[in-house]
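All remarks here apply to the structure that follows.
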Ligand code: DX5
Ligand code: ZN
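Take a look at the structure:
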């Protein structure tokens with residue numbers, strides 16, 4: 043199992059199961075694992091921080107038995123500190139939480155690391171980059187939201203995506219910068235040009251029946267941007 047984030051320097055695509063068939067999740071995950079992706083993005087929503095409810099630790103613990111992918115959890119929840127231990131025990135590898143819900147993000151990052159996971163901090167489209175200045179260097183990944191969180195299939199927000207440029211300046215080359223929302227073959231090269239290296243895609247992958255073609259289309263678009271993209275079926 044991949045337990046650490048892929049080292050910097052490659053573009054990684056993290057399929058988000060939010061747009062998958064929730065009645066067939068194990069099969070849906072297998073359909074993208076066979077294409078050579080390393081990371082799977084798990085969107086956790088509490089109906090409080092965002093106006094939608096998805097999955098929690100019991101479902102993730104079951105999925106863990108069906109997949110060796112790096113589980114990248116995105117907690118869109120109001121009280122991450124209450125639940126990070128349960129997510130770690132369920133088998134996630136990365137825990138990303140929102141800067142908007144905490145006054146002591148550094149403490150949360152420490153706890154995530156103590157639990158043996160990598161840590162991510164994320165910010166909503168309206169939240170200034172300055173808000174993560176202190177915590178970002180302690181994290182393994184920064185997630186720049188390119189839609190308002192809560193739903194898949196929304197339109198990409200370029201103004202929000204441009205924050206990647208400032209985040210890259212802030213954290214340097216060794217921390218992954220992930221983008222999430224509206225990523226497809228058209229928008230992927232844009233965010234890569236801003237400095238993102240980890241691309242979440244839900245609708246652009248699980249909304250298409252041919253998962254191989256869907257992932258390859260995003261990879262090919264990034265490659266045209268001239269970046270080192272992991273090839274399907276494990277090459278580099
Ligand atoms: C939105 C979630 C995303 C979502 C992205 O709140 O955090 O991960 O799945 O979906 P697409 O790629 O369809 O915009
Ligand atoms: Zn997400």
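In the working numbering, the protein residues as written are 43 to 278. Each residue gets a CB set at the ideal place from its N, CA and C atoms; glycine is no exception. Computed from a prediction, not measured in an experiment: that's the story for all the values here.
Which listed residue (the options) has its alpha carbon closest to that of residue i
i           : options               : result
residue 193 : 174, 86 and 155       : 86
residue 229 : 150, 198 and 217      : 198
residue 178 : 202, 212, 149 and 159 : 212
residue 16  : 195, 214 and 186      : With the chain running from 43 to 278 in the structure shown, residue 16 is simply not present.
residue 222 : 253, 114, 123 and 94  : 114
residue 195 : 184, 48 and 249       : 249
Rounded straight-line distance, which links the Cα of residue j to that of residue i
i           : j           : result
residue 245 : residue 146 : 33 angstroms
residue 176 : residue 251 : 42 angstroms
residue 133 : residue 102 : 7 angstroms
residue 88  : residue 119 : 5 angstroms
Local conformation of residue i per DSSP, three classes
i           : result
residue 241 : strand
residue 219 : strand
residue 99  : helix
residue 129 : helix
residue 67  : helix
residue 186 : strand
residue 201 : helix
residue 165 : strand
Outcome for residue i when other beta-carbon atoms lying within 10 angstroms are tallied against a minimum of 16
i           : result
residue 116 : buried
residue 140 : buried
residue 43  : exposed
residue 135 : buried
Between the stretch 150 to 170 and the stretch 54 to 63, do at least 3 Cβ pairs fall closer than 8 angstroms?
no
Give a yes or no on contact between the stretch 63 to 71 and the stretch 161 to 168, applying the rule of three or more CB pairs nearer than 8 angstroms.
no
Are the stretch 206 to 215 and the stretch 105 to 115 in contact at 8 angstroms, needing three or more beta carbon pairs?
no
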